[in-house]
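>
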Amino acid sequence: MASTRSPVAEQRPTASWLRWTALGVGAGVALASSTAGAISGLAVYFARQIVTPSPARIENLDILAVVGATGRQTVILPANDDTTIEGTYSLHFDQGTGHARIGAIRSYVPREGTVERVVEQVYAGDLTAATRGWWGGAVYPSPSAMGFAEEEVLIPVEGGSAPAWLVRAEGPASTWAVMVHGRGASRAEALRALRPARRLGMTSLVLSYRNDGEAPSAPDGRYGLGMTEWHDVDAAIDYAVSHGARDVVLFGWSMGGAIVLQTADLSRHRQRIRALVLDGPVINWIEVLAHHAELNRIPAPVGRLGQYLLASQRARRITGLAAPLDLKSMDWIARAEQLTLPTLVLHSEDDEFVPIGPSAELAAKNPTFVTLERFQRARHTKEWNVAPERWESVVEHWLDDNVFGRTLPGGRSAGPAAEVPPAPTPRP
Numbered sequence: 001m002a003s004t005r006s007p008v009a010e011q012r013p014t015a016s017w018l019r020w021t022a023l024g025v026g027a028g029v030a031l032a033s034s035t036a037g038a039i040s041g042l043a044v045y046f047a048r049q050i051v052t053p054s055p056a057r058i059e060n061l062d063i064l065a066v067v068g069a070t071g072r073q074t075v076i077l078p079a080n081d082d083t084t085i086e087g088t089y090s091l092h093f094d095q096g097t098g099h100a101r102i103g104a105i106r107s108y109v110p111r112e113g114t115v116e117r118v119v120e121q122v123y124a125g126d127l128t129a130a131t132r133g134w135w136g137g138a139v140y141p142s143p144s145a146m147g148f149a150e151e152e153v154l155i156p157v158e159g160g161s162a163p164a165w166l167v168r169a170e171g172p173a174s175t176w177a178v179m180v181h182g183r184g185a186s187r188a189e190a191l192r193a194l195r196p197a198r199r200l201g202m203t204s205l206v207l208s209y210r211n212d213g214e215a216p217s218a219p220d221g222r223y224g225l226g227m228t229e230w231h232d233v234d235a236a237i238d239y240a241v242s243h244g245a246r247d248v249v250l251f252g253w254s255m256g257g258a259i260v261l262q263t264a265d266l267s268r269h270r271q272r273i274r275a276l277v278l279d280g281p282v283i284n285w286i287e288v289l290a291h292h293a294e295l296n297r298i299p300a301p302v303g304r305l306g307q308y309l310l311a312s313q314r315a316r317r318i319t320g321l322a323a324p325l326d327l328k329s330m331d332w333i334a335r336a337e338q339l340t341l342p343t344l345v346l347h348s349e350d351d352e353f354v355p356i357g358p359s360a361e362l363a364a365k366n367p368t369f370v371t372l373e374r375f376q377r378a379r380h381t382k383e384w385n386v387a388p389e390r391w392e393s394v395v396e397h398w399l400d401d402n403v404f405g406r407t408l409p410g411g412r413s414a415g416p417a418a419e420v421p422p423a424p425t426p427r428p
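Below, the structure is given as structure tokens:
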């Protein structure tokens with residue numbers, strides 16, 4: 001097989017959290033004119049894009065051909081930074097109604113700019129008729145696709161009920177895994193943690209939350225970047241405790257990591273939270289937003305002004321937020337010593353959306369409680385996709401050591417018989 005190194009490694013990412021086309025055009029105008037009005041207008045656009053959920057995913061990947069009979073098919077795609085990395089991924093098509101699991105690279109021809117990969121399974125839709133789609137990391141559409149019995153349950157949250165998958169342990173489980181997906185993703189993203197959770201005897205609760213397209217929207221229809229979403233995770237812990245959980249382990253991907261950190265900090269159940277497992281997490285929003293501004297060639301003053309607008313009470317009518325976002329309170333590098341829960345961070349050196357730097361800095365500042373497991377080549381939150389056996393093994397062994405096994409950092413008892421203090425009075 002030819003080398004799988006992408007010839008477009010220096011190109012900009014093929015997808016982004018934000019839609020930058022109009023902003024990028026405007027940025028050039030701002031740089032040329034240097035007018036305050038242009039810069040402020042771009043900053044408003046920047047701020048609103050950050051907190052406004054996209055109505056639909058963009059089908060930005062051509063499906064060039066599907067070859068072979070059902071069960072032995074391959075798909076030919078343009079070669080880019082995503083499609084030329086080994087591993088198992090998802091290909092969504094027909095506006096999200098179609099879904100295929102894509103596996104190994106069969107051939108890669110740099111001079112033609114194409115890659116051929118194995119189609120492992122088509123879960124929905126007719127891939128042979130599809131012409132465009134998008135690449136993703138959420139390989140399985142549901143727990144049942146992985147061979148697990150699932151129950152659809154409803155978590156009471158503000159504005160209604162949020163659907164969640166409940167995957168019960170094979171026997172009685174006093175510790176539950178509560179799993180939180182990232183920005184713009186679905187709860188299917190969190191299914192990658194089901195196997196190690198099941199092997200450790202945990203019941204898993206895989207959540208939806210406000211503005212993700214399944215749970216009720218927030219009253220303002222805006223992302224809180226963790227500052228509001230944690231309430232829905234707290235409601236899920238309510239559900240777990242009322243159904244037999246004595247304590248929980250929180251899992252979070254990308255923005256889900258920021259949500260989990262907020263939950264651990266503010267939840268009325270925080271004494272029941274035993275550990276955190278974070279994949280490609282947002283540790284410091286200020287650095288992440290600055291990275292996205294630079295990535296998309298947005299002038300630094302525009303990015304800084306956009307951050308100010310998000311944090312400003314007076315700018316709420318501009319951003320659409322019901323309340324300003326305190327980005328500094330979500331800077332866990334500055335608050336490193338306040339993180340006193342065992343925390344496993346899995347992060348790729350090649351994460352293009354949420355750089356590994358803040359995760360590494362947090363681990364360096366708080367080595368007692370934070371363990372960083374570095375991956376290579378994986379794109380954002382795709383560590384499992386590149387190395388599933390390693391990802392699951394690391395998570396399983398770390399949790400066994402820090403929750404189910406011997407002693408937690410700080411000398412606290414970790415065994416299943418450990419007593420959990422009563423939940424404190426909620427903060428005002």
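At position 112 of the sequence shown the residue is numbered 112 (full-length UniProt numbering), and the sequence of numbers has no breaks. Where a beta carbon is used, it is the ideal one built from N, C-alpha and C, also for glycine.
Mind checking who R132 pairs with in its DSSP beta bridge?
Here residue 132 refers to the residue found at position 132 of the sequence shown. According to DSSP, which records beta bridges pairwise, R132 is partnered with D62.
> With a threshold of 8 Å, are at least 3 pairs of Cβ atoms found where one atom belongs to the region 379 to 394 and the other to the region 344 to 351?
Contact holds: three or more Cβ-Cβ distances are below 8 Å.
> Can you grab the Cα-Cα spacing for the pair H99 / A258, in whole Å?
Sequence index remark: in the sequence shown, residue 99 carries index 99 (1-based). Sequence index remark: in the sequence shown, residue 258 carries index 258 (1-based). Distance between the alpha carbons of H99 and A258: 28 Å.
> Fully enclosed by the region 186 to 260, which alpha helix (DSSP H) runs are 4 residues long or longer?
Runs found: 194 to 199, 230 to 242.
> Buried or exposed: where does S144 fall if 16 or more other Cβ atoms within 10 Å of its Cβ makes it buried?
Indexing the sequence shown from 1 puts residue 144 at position 144. So S144 counts as exposed.
> Is it buried or exposed, E189, if we count other Cβ atoms within 10 angstroms and call 16 or more buried?
For the purposes of this step, residue 189 is taken as the residue at position 189 of the sequence shown. The residue in question, E189, is buried, as its Cβ has 16 or more Cβ neighbours within 10 Å.
> Within a Cβ cutoff of 6 Å, which residues of the same chain sit near L91, ignoring the five residues on either side of it in sequence?
Along the sequence shown, one-based indexing puts residue 91 at 91. Correct list, in chain order: A100, I102, G133.
> Could you tell me which residues DSSP puts in a beta bridge with Y89?
The residue given as residue 89 occupies position 89 in the sequence shown. According to DSSP, which records beta bridges pairwise, Y89 is partnered with I102.
> Between the beta-carbon of W135 and the beta-carbon of T83, is there less than 8 Å?
Position 135 of the sequence shown holds residue 135. Position 83 of the sequence shown holds residue 83. Yes, the Cβ-Cβ distance between W135 and T83 is below 8 Å.
> Give me the DSSP bridge partner(s) of A162.
To locate residue 162, count along the sequence shown from 1; it is residue 162. DSSP lists I155 as partners of A162.
> In whole angstroms, what is the alpha-carbon distance linking T340 and F369?
Locating residue 340 in the sequence shown gives position 340, counting from the first residue. Locating residue 369 in the sequence shown gives position 369, counting from the first residue. Computed Cα separation, rounded: 6 Å.
> So is Q271 buried or exposed if we call it buried at 16+ other beta carbons inside 10 Å?
Here residue 271 refers to the residue found at position 271 when the sequence shown is read from its first residue. Result: exposed.
> Would the region 148 to 168 count as touching the region 205 to 215 if we require 3 or more Cβ pairs under 8 Å?
Touching, yes, given that three or more Cβ pairs across the two stretches are closer than 8 Å.
> Is D232 buried or exposed, if buried means 16 or more other CB atoms sit within 10 Å of its CB?
As a first step, residue 232 is located in the sequence shown; it is residue number 232 there, counting from the start. Burial call: buried.
> Leaving out five residues before and five after I85 in sequence, what residues of the same chain have Cβ atoms less than 6 Å from its Cβ?
Residue mapping note: residue 85 aligns to position 85 of the sequence shown, counting from 1. Excluding positions up to five away in sequence, the list reads R377.
> How about the region 352 to 363 and the region 221 to 235: do they share at least three Cβ pairs that are nearer than 8 Å?
No: the two stretches stay apart, fewer than three of their Cβ pairs being nearer than 8 Å.
> Any chance the region 289 to 298 sits against the region 250 to 266, with 3 or more Cβ pairs inside 8 Å?
Judged by Cβ distances under 8 Å, the region 289 to 298 makes no contact with the region 250 to 266, as fewer than three pairs qualify.
> Please report the straight-line C-alpha distance between T343 and G306, rounded to a whole angstrom.
Here the question's residue 343 lines up with position 343 in the sequence shown. Here the question's residue 306 lines up with position 306 in the sequence shown. Using only the alpha carbons, I get a separation of about 31 Å.
> Taking the straight line between their C-alpha atoms, what separation do you get for L200 and D400?
Here the question's residue 200 lines up with position 200 in the sequence shown. Here the question's residue 400 lines up with position 400 in the sequence shown. If I take the Cα positions, the gap works out to 7 Å.
> In three-state terms, what does DSSP make of Y45?
Within the sequence shown, residue 45 is the residue found at index 45, counting from 1. Here Y45 sits in helix by DSSP.
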